[in-house]
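Q: Submitted below is the structure of interest, expressed as C-alpha cells.
Structure representation (C-alpha cells):
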C-alpha cells in the first residue's frame, strides 16, 4: 500500500508540474528542482485531494516542500 500511495503521489505531481516522472524523486524540492509556482501548489493540493478522496489541511502542508515529504504526508493522511 505504501508503494502504491507513493507512486500515485508521484504521478499527480508529475502531471500538475508537467515534468517527467523520472524527475519526481523523493529528494526533489517541489519549487527549486521541479519549478512549482504558487498557483500550482493549490492545483497540486486539489489534485491530491481528488486522487485520494480526502481533505488536506492547508495549515499543515506549509513545510511539505519535497516529493518525499509529500508522499509521507499523504501516507499519513490516508493510512497507506
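Residue numbers (the working numbering): 180 to 259. For each residue, glycine too, the CB sits at the ideal point set by N, CA and C.
Using the C-alpha atoms, what's the distance from residue 254 back to residue 185?
A: In a straight line, the C-alpha of residue 185 is about 8 angstroms away from that of residue 254.
Q: Evaluate the contact criterion for the segment 188-195 versus the segment 210-224: three or more CB pairs, one atom per stretch, below 8 angstroms.
A: The segment 188-195 vs the segment 210-224: in contact.
Q: Do residue 207 and residue 240 count as a contact pair if the criterion is CB distance below 7 angstroms?
A: Contact: no.
Q: When the Cα atoms are used, what is the spatial distance from residue 228 to residue 258?
A: Taking the straight line joining both Cα atoms gives about 14 angstroms.
Q: With DSSP as the reference, please indicate the residues paired to residue 245 in a beta bridge.
A: Per DSSP, 208.
Q: The ligand MN and residue 225: does the residue's C-beta get closer than 6 angstroms to at least one heavy atom of that ligand?
A: You won't find the ligand MN in this model; it holds no ligand whatsoever.
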